[in-house]
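Residue numbers (this note's numbering): 2 to 514. Contents: one structure, followed by commentary.
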Amino acid sequence: MSTLRDLVEEHTNLGSADIDHLHRLAGDWQLLSDLSFADLLLWVPVKGEKPREFLCVAQVRPTTAPTAYQDDQVGKIVGGPEVAHLEIAFNQERIWREGDPVWYGDTPARHEAIPVRRRDENDHEEGYSEVIAVIGRDTNLSTARTPSQLELNYLTTADDLAQMVADGTFPPARQPGEMTTSAPRVGDGLIRLDASGKVTYASPNAQSAYRRLGFNAHLVGEELATLSSRLAADPLEGNDAAERILAALRGESPPRMEYEARGATVLTRSLPLMPAGVPIGALVLVRDVTEVRRRDRALMTKDATIREIHHRVKNNLQTVAALLRLQARRVDAPEARMALEESVRRVASIALVHETLSMSSDEAVEFDGIVDRVATAATEVASTSFPVRMHREGTFGILPAEIATSLVMVLNELLINAVEHGFPAPEDDEPIVEPEQPAEVVVSAHRFRKQLHVTVADNGRGLPEGFRADAGGRLGLQIIRALTTGELRGSIELRNRSGGGTEAVLVVPLGKR
Numbered sequence: 002m003s004t005l006r007d008l009v010e011e012h013t014n015l016g017s018a019d020i021d022h023l024h025r026l027a028g029d030w031q032l033l034s035d036l037s038f039a040d041l042l043l044w045v046p047v048k049g050e051k052p053r054e055f056l057c058v059a060q061v062r063p064t065t066a067p068t069a070y071q072d073d074q075v076g077k078i079v080g081g082p083e084v085a086h087l088e089i090a091f092n093q094e095r096i097w098r099e100g101d102p103v104w105y106g107d108t109p110a111r112h113e114a115i116p117v118r119r120r121d122e123n124d125h126e127e128g129y130s131e132v133i134a135v136i137g138r139d140t141n142l143s144t145a146r147t148p149s150q151l152e153l154n155y156l157t158t159a160d161d162l163a164q165m166v167a168d169g170t171f172p173p174a175r176q177p178g179e180m181t182t183s184a185p186r187v188g189d190g191l192i193r194l195d196a197s198g199k200v201t202y203a204s205p206n207a208q209s210a211y212r213r214l215g216f217n218a219h220l221v222g223e224e225l226a227t228l229s230s231r232l233a234a235d236p237l238e239g240n241d242a243a244e245r246i247l248a249a250l251r252g253e254s255p256p257r258m259e260y261e262a263r264g265a266t267v268l269t270r271s272l273p274l275m276p277a278g279v280p281i282g283a284l285v286l287v288r289d290v291t292e293v294r295r296r297d298r299a300l301m302t303k304d305a306t307i308r309e310i311h312h313r314v315k316n317n318l319q320t321v322a323a324l325l326r327l328q329a330r331r332v333d334a335p336e337a338r339m340a341l342e343e344s345v346r347r348v349a350s351i352a353l354v355h356e357t358l359s360m361s362s363d364e365a366v367e368f369d370g371i372v373d374r375v376a377t378a379a380t381e382v383a384s385t386s387f388p389v390r391m392h393r394e395g396t397f398g399i400l401p402a403e404i405a406t407s408l409v410m411v412l413n414e415l416l417i418n419a420v421e422h423g424f425p426a427p428e429d430d431e432p433i434v435e436p437e438q439p440a441e442v443v444v445s446a447h448r449f450r451k452q453l454h455v456t457v458a459d460n461g462r463g464l465p466e467g468f469r470a471d472a473g474g475r476l477g478l479q480i481i482r483a484l485t486t487g488e489l490r491g492s493i494e495l496r497n498r499s500g501g502g503t504e505a506v507l508v509v510p511l512g513k514r
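Now the structure itself:
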């Protein structure tokens with residue numbers, strides 16, 4: 002299914018600013034749908050059609066009532082008598098509420114139509130753009146009953162917001178960094194204020210949220226700004242909460258905020274109510290997020306603990322490496338010293354992963370930097386008779402810790418082998434022969450179909466005749482095979498390059514492990 006922008010651009014003459022306004026409306030109209038107990042359908046006029054046809058580019062169903070439509074209406078083009086109410090709202094630029102109920106299959110529904118204007122920021126205060134779309138507000142009447150006080154207040158507030166849509170003052174501009182998914186909803190808690198800031202209605206959930214903050218009396222009749230300021234544990238938070246409510250009463254749309262009292266945390270959003278441009282009060286949505294923030298704090302504590310563990314593991318590994326290095330200096334046998342020095346490099350490569358994890362907020366690492374450091378270390382410690390250039394092509398990206406720890410060990414062994422066996426130092430009685438081209442080792446990485454493909458290639462002397470990786474007795478090759486096929490669940494192939502030298506091709510799956 003095409004997006005709202007795709008549909009509007011393909012079928013209408015609306016400009017970019019109009020489309021952005023429709024996007025904001027579709028991001029905020031769940032509030033209007035829930036207050037109306039109705040489905041909302043966003044209709045735009047199709048270009049070049051006489052008589053005019055309308056295209057549905059967005060739809061939202063209420064969470065407070067049954068839907069009037071079982072099927073998705075987005076992408077549907079209608080015309081003729083079926084859209085007469087949309088035509089009236091579009092041409093006469095007014096909310097249409099006349100007409101008898103209509104039937105969708107076995108479901109009776111009431112039609113309403115709300116013109117959508119976009120307020121032009123460059124116009125004067127009274128200036129508005131022409132109508133750019135129409136909202137169809139369709140209510141399922143199959144469960145109609147005598148409305149309660151809650152429903153009456155919801156419907157009254159919905160009518161005020163509908164008029165603001167027609168005026169071009171709803172939805173408000175979105176605050177930087179705010180996501181629609183985190184906003185309080187009608188079902189979380191709703192408070193309606195009159196023009197003086199006193200509560201005229203508070204839903205049961207809103208009443209419960211303020212009871213958790215320490216206010217046990219009924220909210221109706223209270224000045225909410227003063228009450229919020231008094232309840233907040235932090236005076237600065239209380240003043241901020243009060244100021245945002247007062248800003249909404251002045252016709253502004255302040256950003257959401259959280260404040261705490263008595264161990265409880267509430268998220269509030271204040272919206273002005275100003276149908277026909279006249280401020281008549283404000284709407285305050287309240288959501289109790291106490292348990293959500295408690296879990297967030299627990300996760301932050303857990304993350305900090307995990308990072309501290311990685312930091313200590315890194316320190317311990319560096320201590321082990323230092324002890325092995327000290328032992329190597331005291332060993333006279335060359336083979337034993339070499340084995341200890343190789344162990345130092347292996348331990349140090351694992352320590353790099355834990356060092357990176359200790360600075361990360363999750364169990365994943367940016368692997369490119371680790372590879373670059375391991376490659377630099379390999380060129381510095383390997384015994385060759387001339388410099389070997391090493392560089393990386395492509396990117397490994399972010400890898401989970403369980404892959405990164407094993408992969409860095411494999412790459413460390415492959416890089417050391419590429420340098421030492423591709424460009425070996427000559428024996429004491431052999432002359433040093435400079436290569437025809439600069440010695441280099443290239444690490445290449447790319448992702449393909451949920452797999453990481455890695456190649457370590459050199460332009461050295463290549464593999465000896467009859468070489469078999471599975472029959473090698475060297476510890477390094479055994480580590481490579483064991484980690485690749487075991488921990489990484491991947492595959493590796495060592496082969497000679499057609500242009501000279503050796504390459505190791507490693508394939509590691511990146512799916513769920």
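Just so you know, even glycine gets a beta-carbon here, dropped at the ideal spot from N, CA and C.
- Within a 10 Å sphere around the beta-carbon of residue 246 sit 16 or more other beta-carbons, which makes this residue buried.
- Classified as buried, residue 211 has 16 or more neighbouring CB atoms from the shown chains inside 10 Å of its CB.
- The three-state secondary structure of residue 460, taken from DSSP, is coil.
- Taking residue 379 as reference, the option from 231, 160, 346 and 288 with the minimal CA-CA separation is 346.
- Ranking 197, 91 and 225 by CA distance to the CA of residue 208 puts 225 first.
- The Cβ atoms of residue 9 and residue 23 lie closer than 8 Å to each other.
- In this structure the stretch 293-304 does not touch the stretch 213-220; the number of beta carbon pairs closer than 8 Å is below three.
- For residue 275, the secondary structure class from DSSP, reduced to helix, strand or coil, is coil.
- In the structure shown, residue 396 falls within a coil segment according to DSSP collapsed to helix, strand and coil.
- Counting of Cβ neighbours within 10 angstroms places residue 78 among the exposed residues, the total staying below 16.
- Counting only unbroken stretches of 4 or more residues, the alpha helix (DSSP H) elements lying wholly within the stretch 202-266 are 205-213, 225-232 and 236-250, in sequence order.
- Of the candidates 147, 188, 108 and 45, 45 places its Cα closest to the Cα of residue 131.
- Look at residue 505 here: in three-state DSSP terms it is strand.
- Taking residue 507 as the centre and dropping the five residues before and after it, the same chain places the C-beta of 455 and 493 closer than 6 Å to its C-beta, in chain order.
- Going by C-alpha positions, residue 371 is about 11 Å away from residue 349.
- Spanning the alpha carbons of residue 17 and residue 56 requires a straight line of approximately 18 Å.
- Looking from the CA of residue 221, the closest CA among 452, 192, 230 and 114 belongs to 192.
- Sequence-distant partners of residue 496 (beyond 5 residues in either direction) whose C-beta falls short of 7 Å from its own C-beta, in its chain, are 504.
- In this structure, the alpha-carbon of residue 40 lies about 15 Å from that of residue 87.
- With 16 or more other Cβ atoms inside 10 Å of its own Cβ, residue 12 counts as buried.
- By the beta-carbon neighbour count (other beta carbons within 10 angstroms, threshold 16), residue 331 is exposed.
- Taking every protein chain shown into account, the CB of residue 449 has fewer than 16 other CB atoms within 10 angstroms, so this residue is exposed.
- Residue pairing by DSSP places residue 444 opposite 393 and 457 in a beta bridge.
- Judged by DSSP in its simplified three-state form, residue 199 adopts strand.
- For a cut-off of 8 Å, the C-beta gap from residue 187 to residue 377 is around 58 Å, too long to register as a contact.
- Where residue 54 is concerned, the enclosing beta strand (DSSP E) starts and stops at 54-61.
- Within the stretch 59-114, the runs of alpha helix (DSSP H) at least 4 residues long that lie entirely inside it are, in chain order, 85-93.
- Residue 135 sits buried, since 16 or more C-beta atoms from the chains shown fall within 10 Å of its C-beta.
- Under the DSSP assignment, residue 285 falls in the beta strand (DSSP E) whose first and last residues are 282-289.
- For a cut-off of 8 Å, the C-beta gap from residue 369 to residue 396 is around 6 Å, short enough to register as a contact.
- Excluding the 5 residues flanking it on each side, residue 341 has same chain C-beta neighbours closer than 8 Å at 325, 326, 328, 329 and 332, in chain order.
- When the alpha-carbon of residue 509 is set against those of 500, 485 and 112, the nearest one is in 485.
- The three-state reading of DSSP puts residue 46 in strand, counting E and B together.
- When the five nearest sequence neighbours on each side are left out, the beta carbons in the same chain lying within less than 8 Å of the beta carbon of residue 62 are those of 34, 40, 68 and 70, in order along the chain.
- Taking C-beta atoms as the reference points, residue 390 and residue 446 fail to come closer than 8 Å.
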